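**Student:** Just dropping this structure here.
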Amino acid sequence: MNTLILIETARLLFALILLFSLFALLRGHHQVGGGFVGGLIASMAASLYVFVADAADVRRLLRADPLRIAAAGLSLAILSGLVGMYLKGSSFLTSVWVEVLGVKVGTPLLFDCGVYLVVVGAVLTFVLEAKEPVVPSSDDSRPIGRE
Amino acid sequence: MAESATRSAQVPLYSWAAVGLPLGLFAWLCSFVPAVSAGESRHWAVQWLPQHDIALSFFVDGLSLLFALLITGIGTLIFLYAAEYMRGAPQIGRFTAFLTAFMLSMLGIVLSDDLITLFIAWEVTGVTSFLLIGYRHEEATSRRSAWQALMVTGAGGLAMLAGFVLLGEAAGTYSLREILAQPGELSADHRYHWILALVLAGAFTKSAQFPFHFWLPNAMAAPTPVSAYLHSATMVKAGVFLLARMAPVLGGTNEWTTTLVTVGAVTMVYSSIVALTRTDLKQVLAYTTVMALGACVLFLGVPAQTIEGGVSAAAVAAMCFVLVHALYKAALFMAAGAIEHSTGTRDLRLLGGLGTRMRWTSVGILLACVSMVGLPPTIGFIGKEALYGSALVAPSGTVALVAVLLASALIGTVALVLAGPLLWGRLTHAAARAEPAPWQLWCGPAILGAAGIVAGLLAGPTFGAFVLPAAANVGELPEHFIPSLWHGFGPELLLSVATWGLAALVFWKRRAVAGVVSSTLSGIPVTGDSAYDKAMHGIAASASGLTAVLQSGVHRRYVGTVFASLALVLATTLVVRDAVHLPQLLPEASFFEWMLGALIAASALTVIFTRSRLLAIGSIGVVGTAASLIFLLFGAPDVAMAQLMVETLVVVIVAIVLLRLPSFHYEIRQDRPRQFRDAAVAIAVGAATTLVLLAVISEPPQRFLTDYFERTAVPGAHGRNIVNVILVDFRALDTMGEITVLFLAGSAVCALIQRRSRYRRFLSVVAANDTAAPETDSGSSQR
Numbered sequence: 259m260n261t262l263i264l265i266e267t268a269r270l271l272f273a274l275i276l277l278f279s280l281f282a283l284l285r286g287h288h289q290v291g292g293g294f295v296g297g298l299i300a301s302m303a304a305s306l307y308v309f310v311a312d313a314a315d316v317r318r319l320l321r322a323d324p325l326r327i328a329a330a331g332l333s334l335a336i337l338s339g340l341v342g343m344y345l346k347g348s349s350f351l352t353s354v355w356v357e358v359l360g361v362k363v364g365t366p367l368l369f370d371c372g373v374y375l376v377v378v379g380a381v382l383t384f385v386l387e388a389k390e391p392v393v394p395s396s397d398d399s400r401p402i403g404r405e
Numbered sequence: 027m028a029e030s031a032t033r034s035a036q037v038p039l040y041s042w043a044a045v046g047l048p049l050g051l052f053a054w055l056c057s058f059v060p061a062v063s064a065g066e067s068r069h070w071a072v073q074w075l076p077q078h079d080i081a082l083s084f085f086v087d088g089l090s091l092l093f094a095l096l097i098t099g100i101g102t103l104i105f106l107y108a109a110e111y112m113r114g115a116p117q118i119g120r121f122t123a124f125l126t127a128f129m130l131s132m133l134g135i136v137l138s139d140d141l142i143t144l145f146i147a148w149e150v151t152g153v154t155s156f157l158l159i160g161y162r163h164e165e166a167t168s169r170r171s172a173w174q175a176l177m178v179t180g181a182g183g184l185a186m187l188a189g190f191v192l193l194g195e196a197a198g199t200y201s202l203r204e205i206l207a208q209p210g211e212l213s214a215d216h217r218y219h220w221i222l223a224l225v226l227a228g229a230f231t232k233s234a235q236f237p238f239h240f241w242l243p244n245a246m247a248a249p250t251p252v253s254a255y256l257h258s259a260t261m262v263k264a265g266v267f268l269l270a271r272m273a274p275v276l277g278g279t280n281e282w283t284t285t286l287v288t289v290g291a292v293t294m295v296y297s298s299i300v301a302l303t304r305t306d307l308k309q310v311l312a313y314t315t316v317m318a319l320g321a322c323v324l325f326l327g328v329p330a331q332t333i334e335g336g337v338s339a340a341a342v343a344a345m346c347f348v349l350v351h352a353l354y355k356a357a358l359f360m361a362a363g364a365i366e367h368s369t370g371t372r373d374l375r376l377l378g379g380l381g382t383r384m385r386w387t388s389v390g391i392l393l394a395c396v397s398m399v400g401l402p403p404t405i406g407f408i409g410k411e412a413l414y415g416s417a418l419v420a421p422s423g424t425v426a427l428v429a430v431l432l433a434s435a436l437i438g439t440v441a442l443v444l445a446g447p448l449l450w451g452r453l454t455h456a457a458a459r460a461e462p463a464p465w466q467l468w469c470g471p472a473i474l475g476a477a478g479i480v481a482g483l484l485a486g487p488t489f490g491a492f493v494l495p496a497a498a499n500v501g502e503l504p505e506h507f508i509p510s511l512w513h514g515f516g517p518e519l520l521l522s523v524a525t526w527g528l529a530a531l532v533f534w535k536r537r538a539v540a541g542v543v544s545s546t547l548s549g550i551p552v553t554g555d556s557a558y559d560k561a562m563h564g565i566a567a568s569a570s571g572l573t574a575v576l577q578s579g580v581h582r583r584y585v586g587t588v589f590a591s592l593a594l595v596l597a598t599t600l601v602v603r604d605a606v607h608l609p610q611l612l613p614e615a616s617f618f619e620w621m622l623g624a625l626i627a628a629s630a631l632t633v634i635f636t637r638s639r640l641l642a643i644g645s646i647g648v649v650g651t652a653a654s655l656i657f658l659l660f661g662a663p664d665v666a667m668a669q670l671m672v673e674t675l676v677v678v679i680v681a682i683v684l685l686r687l688p689s690f691h692y693e694i695r696q697d698r699p700r701q702f703r704d705a706a707v708a709i710a711v712g713a714a715t716t717l718v719l720l721a722v723i724s725e726p727p728q729r730f731l732t733d734y735f736e737r738t739a740v741p742g743a744h745g746r747n748i749v750n751v752i753l754v755d756f757r758a759l760d761t762m763g764e765i766t767v768l769f770l771a772g773s774a775v776c777a778l779i780q781r782r783s784r785y786r787r788f789l790s791v792v793a794a795n796d797t798a799a800p801e802t803d804s805g806s807s808q809r
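Structure below.
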């Protein structure tokens, strides 16, 4: 499948789709979109790249293990829930809003970014693990756990 | 044992420091003695779960003070003992931490006011004792014993929790002080029998009552400081404490009396008989401990009312015996450890004549044995007199009387064996090698042994400060109870003399008696231990049987099971709820909707009949995409978008996986019966789902949630996209759960696909090492 057209198109589309996923993430609070959909779009961009390149190339492009991206996302989501507890003494995941340069920004946005990262990380883990060749082992035929 | 290494090792500083904790607590608790003996109590509480009326609350009264003083007082000596005994052993820090945690949780049990706090402390003692018993975890027997103790006491603990919940509901409060303030009311409650049975299950397992006694002798696999602490003064006494605590509210009924007296008597007699046949010093002590626990249970069950209508000293007898036994049994266990430390063995057949070699340890043993036999002037004598005295006047006290007489005589025999041949018999080889134990190892037995005598000589203050306040919290006290060493020539004294005579007789004929008992016991087909093994094997076998059925390893069977169950559940619900609404034959729909429906149907048929895997995957994608278009048509763009993305990704992922799979097996398709079965399942799921959806839309839609979110989304959450606002704000906790699941799924995939090969390599390395270890030459070539 490594045709020149696909490779070149993928390269272009990768950046475009990624940009679009950020757009979907940020507009999500008022329009159609959000962290979940944005994350799916972003992982689609990466999946497209997986088709034309090696899994190792994609890993290099990501710079971080996808599972770590997911872990970071989960941490970010938890952190966004703690802000309200710390600042307002309210219960976990209560939102806090501030106005920055006329734009209302709140902890739900942080939470949504966390969702985005978890989705990207998890889906890319699925895709990359499926794509990578299993390291051949001397006795791969033996079933695990049945001695 | 690597004696030289042990001797040269230093006692770590924290082992010494740890001694300070029980000592400080002991001193602190002592400061309550004047107030508590005057009948007062102290109470502390910290809010914990106010919604459920659960608090971290503690109180000190006579009963809890007696136990708390035993726990900290003996604990001080044990910590000192352990510091020396465990010198040079691996992981002393861990050991010390476990022991400290155990002591604190034990204090939690006896000082808790709240039932739930008590239960948690109870479970923590179970877990820490598991860790302590299994301290030598490289030995299989240690691991098994630790498991056994945990399983038996843990099962009892769960029963107890259920009993506590019922008790709390029946009493309307979880505070023990408030429950104790309403005595007599609970025994009239219709839940009384359940409460009693469940609480007794907890107490009997923890206090090793017959038939749950077997874990305690097995727990002797623990290091001796642990045995001396857990199995003399503390953990096993927790059950006794619970019974004593509950006696005012649950006691006094026929059921209580019958159960406790029967179980206590059987436990006493059985374990004292078995004690005679054991030759391992710690085993002997373990069985005598079971006997003592039986005695405590028995006398907590004996009713306070006498035949003449007076009040007997049963509660005093039980509490006095708790004190007596804790003192002498901890002393004997510590001495047993000192002997093993010095001679390297605990086998009574190999030991003799230690009196000349280990002088101070022998003094401790001797003093403890005097208390154990119940000779004057020890407090053991007073305790035994009180036992006899209350058994004599109790209604139907014959069972108690016979059990106490028999068991005390046999325990007396054990004491004679310990004080006689062990100390003054012929010097054996093992004993001849013995060196005197270091002071930390003998000071505990000596102090506790001496305490038994001092407490007897100062009977008045001892009883006034410790025993009587405790007994007052357990049951009624006789009006004029005078603790004293001399009551004149009464039936109690006669019975004591009879006990000593019987003990001497059995001691004289001990080999013959032991032989007869051993042969009789070996004829019993089922023991608690073997029943436990059978139960554990049964659980394992049923689990693997169930796994073999459920986890066939064939993917299509998993899918088939899941969908068949789904169809069954949906269909059952529809029939039970009478919710089957048959649709019109040709529902009204726009042309566009009809086309989408036709597209979905055509794609689904393609999936079924195609021979190309790629085409099948693509067709599934078409089904999903058409479904997302339907969402779009009905005004749910967010759902449509997510659906579209998910469909696309599924196709991508499956396509990637397909590239790595071997080609289709067409034999599957030629298996006609299986095809019909699969088709039946598929049609059933489709039909059931359709009917459920029809049932749902036959009701007018409920809009109050939608209205609420539409109203509050902008003012409350600053967002106009309701779906997103619900996801990230209103129901953010749900989303948190979902992304956690997603993350875990990613981890699982990593573990399954990627690490599998590493795990196999690891396994092969382990296997190679195993085979290579015994036969170093041929091992490498075999690989």
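In the order they appear, the protein sequences are chains A and B.
The working numbering numbers the first residue of the first sequence as 259 and each following residue consecutively.
The working numbering numbers the first residue of the second sequence as 27 and each following residue consecutively.
Heads up, the beta-carbon is just placed ideally off N, CA and C, and yes, glycines get one too.
Quick caveat: nothing in here was measured; it's all calculated off a predicted structure.
(1) What does H744(B) reach in chain A if we use C-beta pairs closer than 7 Å?
(2) Please state whether the Cβ-Cβ distance between H744(B) and K362(A) is less than 9 Å.
(3) Rounded to the nearest angstrom, how far is the Cβ of L453(B) from that of G390(B), given a contact under 8 Å?
(4) Are E366(B) and T250(B) close, meaning C-beta to C-beta below 9 Å?
(5) Given I80(B), which residues of its chain have a CB within under 8 Å of its CB, disregarding the five upstream and five downstream residues?
(6) Which runs of the beta strand (DSSP E) spanning at least 3 residues fall entirely within the stretch 740-764 of chain B, listed in chain order?
(7) Is DSSP giving F124(B) helix, strand or coil here?
(8) Check the Cβ of A771(B) against every Cβ in chain A and list those closer than 7 Å, keeping chain order.
(9) Does A799(B) have its Cβ less than 9 Å from a Cβ in chain A?
(10) Helix, strand or coil, according to DSSP, for E357(A) in the structure here?
(11) Is the Cβ of F294(A) closer than 9 Å to any Cβ of chain B?
(12) Please confirm if I299(A) has its CB atom under 9 Å from at least one CB of chain B.
(13) Relative to the alpha-carbon of S61(B), which residue among V677(B), P495(B), G650(B), E736(B) has its alpha-carbon at the smallest distance?
(14) Can you pull out the residues from the stretch 644-670 of chain B whose beta carbon lies closer than 7 Å to at least one beta carbon of chain A?
(15) Curious, which full-length beta strand (DSSP E) runs of at least 3 residues does the stretch 715-741 of chain B contain?
(16) Identify whether R68(B) lies in helix, strand or coil by the three-state DSSP scheme.
(17) Name, in chain order, the residues that DSSP records as bridge partners for A81(B).
(18) Between which two residues does the alpha helix (DSSP H) carrying Y313(B) extend?
(19) Quick one: list the residues of chain B neighbouring K419(A), beta-carbon separation under 8 Å, in chain order.
(20) If you draw a straight line from the alpha carbon of M129(B) to that of G331(A), how long is it in whole angstroms?
(21) Judging by CA-CA distance, which residue of T261(A), T383(A), G297(A), E266(A) is the nearest neighbour of F278(A)?
(22) Which residue or residues does DSSP assign as beta-bridge partners of V201(B)?
(23) How would you write the range of the alpha helix (DSSP H) that C776(B) sits in, first residue to last?
(24) Please confirm whether A196(B) and L212(B) have their CB atoms less than 9 Å apart.
(25) Please state whether DSSP places Q117(B) in a helix, a strand or coil.
(26) V532(B) and A417(B): beta carbons closer than 9 Å?
(27) Could you confirm whether any beta carbon from chain A is found closer than 9 Å to the beta carbon of I97(B)?
(28) Express the C-alpha separation of T525(B) and P209(B) in angstroms, rounding to a whole number.
(29) Give the straight-line distance between the Cα atoms of F52(B) and C776(B), rounded to the nearest whole angstrom.
(30) What does M343(A) reach in chain B if we use C-beta pairs closer than 9 Å?
(31) Please name the residues in the stretch 315-338 of chain A whose beta-carbon is closer than 8 Å to at least one beta-carbon of chain B, in chain order.
(32) With a Cβ-Cβ cutoff of 9 Å, do A364(B) and A458(B) count as a contact?
(33) For I21(B), which option in Q669(B), L658(B), A713(B), A662(B) has the closest C-alpha, if you only look at C-alpha atoms?
(34) If I follow the unbroken alpha helix (DSSP H) through A356(B), where does it start and stop?
(35) Would you verify that the beta carbon of A758(B) is, or is not, closer than 9 Å to some beta carbon of chain A?
(36) From the beta carbon of M261(B), is the nearest beta carbon of chain A less than 9 Å away?
**Tutor:** According to the structure data:
(1) Under a criterion of Cβ atoms nearer than 7 Å, the residues of chain A adjacent to H744(B) are, in order, W355, K362, G364.
(2) Contact flag set, yes.
(3) The Cβ separation is near 20 Å, so there is no contact.
(4) With respect to T250(B), E366(B) sits close: the two C-beta atoms are nearer than 9 Å.
(5) Around I80(B): W74, D140, I142, T143, Y200.
(6) Complete beta strand (DSSP E) runs here, min 3: none at all.
(7) It is helical.
(8) Contact annotation for A771(B) against chain A: A380 [CB-CB distance below 7 Å, chain order].
(9) Because A799(B) sits at a pLDDT of 47, beneath the cut-off of 50, its placement in the model cannot be relied upon, and the point is left open.
(10) In the three-state reduction of the DSSP assignment, E357(A) falls in the strand class, which pools E and B.
(11) By the rule that beta-carbons nearer than 9 Å mark a contact, F294(A) touches chain B.
(12) For I299(A), a Cβ of chain B is located within less than 9 Å of the residue's own Cβ.
(13) One detail in the question is off: residue 61(B) reads as Ala in this sequence, not Ser. The option with the nearest alpha carbon to A61(B) is P495(B).
(14) Among the residues of the stretch 644-670 of chain B, those with a Cβ less than 7 Å away from any Cβ of chain A are P663, D664, M667, A668, in the order of the chain.
(15) Segments of the beta strand (DSSP E) lying fully in the stretch 715-741 of chain B: there are none.
(16) When DSSP states are grouped into helix, strand and coil, R68(B) belongs to the strand group.
(17) Partner residues in the beta bridge of A81(B), as assigned by DSSP, are Q73(B).
(18) Unbroken alpha helix (DSSP H) run through Y313(B): 307-327.
(19) Any answer about residue 419(A) is impossible in this case: the structure gives chain A only from 259 up to 405.
(20) Rounded to whole angstroms, M129(B) to G331(A) spans 42 Å at the Cα level.
(21) Comparing Cα positions, the closest option is G297(A).
(22) Per the sequence shown, the amino acid found at residue 201(B) is Ser instead of Val. Beta-bridge analysis with DSSP links S201(B) to D140(B).
(23) Per DSSP, C776(B) belongs to no alpha helix (DSSP H) and is neither H nor E.
(24) If you check the CB distance, A196(B) and L212(B) come in under 9 Å.
(25) In this structure, Q117(B) counts as coil in the three-state DSSP scheme.
(26) No, the pair does not count as a contact, with Cβ atoms beyond the cut-off.
(27) The beta-carbon of I97(B) is placed no less than 9 Å from the nearest beta-carbon of chain A.
(28) The straight-line gap from Cα to Cα measures roughly 37 Å.
(29) Using only the alpha carbons, I get a separation of about 53 Å.
(30) Contacts between M343(A) and chain B, judged by CB atoms closer than 9 Å, are missing: the closest CB pair is about 13 Å apart.
(31) Answer set for the stretch 315-338 of chain A: P324, L325, A328, A329, G331, L332, A335, I336.
(32) Between A364(B) and A458(B), the gap from beta carbon to beta carbon reaches 9 Å or more.
(33) What the structure shows of chain B is the stretch from 27 to 809, and residue 21(B) is not part of that stretch, so it cannot be assessed.
(34) Segment 340-369, the alpha helix (DSSP H) holding A356(B).
(35) Chain A places a beta carbon closer than 9 Å to that of A758(B), counting this residue as a contact.
(36) Residue contact with chain A for M261(B): absent (no Cβ-Cβ distance below 9 Å to any residue of chain A).
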